[in-house]
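Residues in the sequence shown are numbered from 7 upward in steps of one, following our numbering.
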Amino acid sequence: MDIQEVLTIADDLIFASTGKHLDHLQKAILEGTLQGQTYTKIAEDIHSSEGHIRDLGAEIWRIFSKEFGETVSKSNFRAILEKANFYNYSSAIGRDYVTVNNVNICSEGRCAEAQQRGRDRVFFDWGDAPEILTFYGRQEEENCLKESIIKKRCRLMALLGVSGIGKTSLALHCVEQIKSEFHTIIYRSLRFCPSLENILTHFLEVFSESSVIPPTLDGKLTQFLKYLRQYRCLIILDDVQMLFAPQELAGCYQAGYENYRLFFKQIAEVSHQSCLMLLSSEKPREVAELENDAICSLVLGSLGEASKQILRDQKLRDEIEWNELIKLYQGHPLGLKLTAALIQEFFGGCVSEFLRCYPPILCESLQFQFHQQLERLTILEIQIMNILANENEPLNLSKINHKIQLSYPEVLKGLQSLNSRLFLTKIEQNNIKLFTINAMFRHCFKNLLKNRE
Numbered sequence: 007m008d009i010q011e012v013l014t015i016a017d018d019l020i021f022a023s024t025g026k027h028l029d030h031l032q033k034a035i036l037e038g039t040l041q042g043q044t045y046t047k048i049a050e051d052i053h054s055s056e057g058h059i060r061d062l063g064a065e066i067w068r069i070f071s072k073e074f075g076e077t078v079s080k081s082n083f084r085a086i087l088e089k090a091n092f093y094n095y096s097s098a099i100g101r102d103y104v105t106v107n108n109v110n111i112c113s114e115g116r117c118a119e120a121q122q123r124g125r126d127r128v129f130f131d132w133g134d135a136p137e138i139l140t141f142y143g144r145q146e147e148e149n150c151l152k153e154s155i156i157k158k159r160c161r162l163m164a165l166l167g168v169s170g171i172g173k174t175s176l177a178l179h180c181v182e183q184i185k186s187e188f189h190t191i192i193y194r195s196l197r198f199c200p201s202l203e204n205i206l207t208h209f210l211e212v213f214s215e216s217s218v219i220p221p222t223l224d225g226k227l228t229q230f231l232k233y234l235r236q237y238r239c240l241i242i243l244d245d246v247q248m249l250f251a252p253q254e255l256a257g258c259y260q261a262g263y264e265n266y267r268l269f270f271k272q273i274a275e276v277s278h279q280s281c282l283m284l285l286s287s288e289k290p291r292e293v294a295e296l297e298n299d300a301i302c303s304l305v306l307g308s309l310g311e312a313s314k315q316i317l318r319d320q321k322l323r324d325e326i327e328w329n330e331l332i333k334l335y336q337g338h339p340l341g342l343k344l345t346a347a348l349i350q351e352f353f354g355g356c357v358s359e360f361l362r363c364y365p366p367i368l369c370e371s372l373q374f375q376f377h378q379q380l381e382r383l384t385i386l387e388i389q390i391m392n393i394l395a396n397e398n399e400p401l402n403l404s405k406i407n408h409k410i411q412l413s414y415p416e417v418l419k420g421l422q423s424l425n426s427r428l429f430l431t432k433i434e435q436n437n438i439k440l441f442t443i444n445a446m447f448r449h450c451f452k453n454l455l456k457n458r459e
């Protein structure tokens, strides 16, 4: 049996299960598998990422496993075909169906029922989504997300928070709870700054609404919006902050990526039944400008009481000191997880001994993440951060302005940008707004300035 025969049979299987035919990426994965190629080689040949190809492959093997009633993988795919006695297929072309291991595979003309069944299912394309092995707390935030997406039917949802706060974990955990509400769910990371045209091309390939993808950006956007109207979709774009220019005020797009701003605005303003969720450590300006019932945002802060479960999992001692540790790291999940591992390894799990260290110890990987964010600041923002980092008490706008000796509009512009980057902690005292930065950013910022000297 040649490769084309295998692809024909595989296409029938996929169609019977999902109501959709193999797309060109799925065909390339099957062809490469039958030729003994690695995922790396397959990805190189079709100019795609290895992670994306692995995820698509896993979905194919999952469907085949369900149809065959046994585990199918890249390594045993050929053997499963032979064991299933697919050779009977060629003599059955004239029939309306083919039977493989007691599974009836319909011809396209007789598959209306199968296609309708496929439409009733949720189609996932996880792309390079990370696997979430543990999830802590966030029930209130998850309920807020659900209400915004399901009840309010937000068209544009921004989930915001500093690096490592748990945006991706919350988004993917929430999706598991609400997936039945959608026809198609797609996750993509923008960490490598793909062009809007490439992103839309990927989306249209997933949708497979038409075998012909329009050559122009306008054409792709029109077709994409048509799909968002026709079907209820949830699209998650992670690492949106990577689209913004470093050393510019928050939310200013890099050269060549300004069309994302228009794209997000159009998603927010045009009527459709879908939701685009943006995960970012900087608040996009269009979200701030357009925020209403159809455009929502949620900022993730401290993990709160659930932080203690991280410390329990690491088997730390001195539970009476846990609140102090959580306060020091502002309930930051990644910060607590890395620090708890460090305490276990170098302090024998003794929290009180660790807390005697001053200044607080920050793991290298955590410092690196924060430094990446701090490196994006403008000179104006660095000046304001420097003032706040060296003050023990929060300051109001007037005191910051006095210390920096710039005009009020300039200082306000810097504070707004820092606020959009989620660096500021705001406190209200006697109806006056006070500003400070948390302990982690304070020490990271001081270290960064020290390294520059």
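Beta carbons: idealized from backbone N, C-alpha and C, even for Gly.
Everything numeric in this text was worked out from a predicted model, so none of it was measured.
Length of the line joining the Cα atoms of residue i and residue j
i, j, result
"A120", "V293", "A caution first: A120 carries a pLDDT of 39, below 50, which makes its placement in the model unreliable, though a value can still be read off. Whole-angstrom Cα-Cα distance: 41 Å."
"S308", "K157", "26 Å"
"K314", "E359", "18 Å"
"L285", "E147", "14 Å"
"Q32", "I69", "12 Å"
"R238", "L231", "11 Å"
"L412", "E264", "30 Å"
"I59", "D51", "11 Å"
"I219", "Q236", "17 Å"
"Q272", "K152", "23 Å"
"L249", "L202", "10 Å"
"T461", "L401", "With the chain represented from 7 up to 459, any question about residue 461 goes unanswered, as that position is not in the structure."
"A16", "D324", "58 Å"
"I388", "L340", "25 Å"
"Y266", "A164", "14 Å"
"G25", "L196", "30 Å"
"L243", "N204", "13 Å"
"I438", "E65", "55 Å"
"R291", "N398", "31 Å"
"F213", "S71", "23 Å"
"N396", "L440", "15 Å"
"V12", "D245", "39 Å"
"R123", "D319", "In this prediction, R123 has a pLDDT of 40, which is less than 50 and means its spatial position is unreliable; nothing more can be read from the coordinates."
"Q41", "C356", "55 Å"
"W328", "L342", "10 Å"
"A22", "F270", "36 Å"
"C363", "Y193", "41 Å"
"K452", "I410", "18 Å"
"S54", "K47", "10 Å"
"A177", "Q145", "12 Å"
"F83", "C258", "48 Å"
"Q43", "F198", "26 Å"
Whole-Å CB distance - residue i paired with residue j, under 8 Å assumed
i, j, result
"F372", "L331", "Residue 372 is actually Leu in this sequence, not Phe. No, L372 and L331 are not in contact; Cβ-Cβ is about 14 Å, not under 8 Å."
"C150", "L304", "6 Å"
"Y45", "E37", "At roughly 13 Å, the Cβ-Cβ gap does not stay under 8 Å, so Y45 and E37 are not in contact."
C-beta atoms of residue i and residue j nearer than 8 Å
i, j, result
"Q247", "E288", "yes"
"R161", "A256", "no"
"G420", "L454", "no"
"T39", "K80", "yes"
"L484", "G167", "The structure shown has nothing for residue 484, since the chain only spans 7 to 459."
"R382", "P200", "no"
"I20", "H30", "no"
"Q375", "S169", "yes"
"N425", "Y414", "no"
"L317", "A346", "yes"
"S175", "C302", "no"
"I138", "H179", "yes"
"F462", "T228", "For residue 462 there is no data in the structure shown, the boundaries of the chain being 7 and 459."
"A312", "G172", "no"
"V417", "L403", "yes"
"N436", "Q336", "no"
"Q378", "R427", "no"
"L368", "M283", "no"
"E297", "T384", "no"
"N280", "L234", "Note on identity: in this sequence residue 280 is Ser, with Asn being the wrong assignment. The answer is yes: Cβ separation under 8 Å."
The region 341 to 353 touching the region 386 to 394, judged by at least three CB pairs closer than 8 Å: no
Touch test, the region 276 to 284 against the region 126 to 138, Cβ-Cβ under 8 Å, three pairs minimum: no
Sufficient close CB pairs (3 or more, under 8 Å) joining the region 196 to 210 to the region 178 to 187: no
Inside the region 204 to 286 only - alpha helix (DSSP H) runs reaching at least 4 residues: 223 to 236, 265 to 275
Within the region 141 to 209, ranges of the beta strand (DSSP E) (whole runs, at least 3 residues): 162 to 166, 190 to 195
Ordered list of alpha helix (DSSP H) runs contained in the region 13 to 60, each at least 4 residues: 30 to 40, 45 to 51
Alpha helix (DSSP H) segments (min. 4 residues) lying fully within the region 283 to 342: 291 to 296, 313 to 319, 328 to 334
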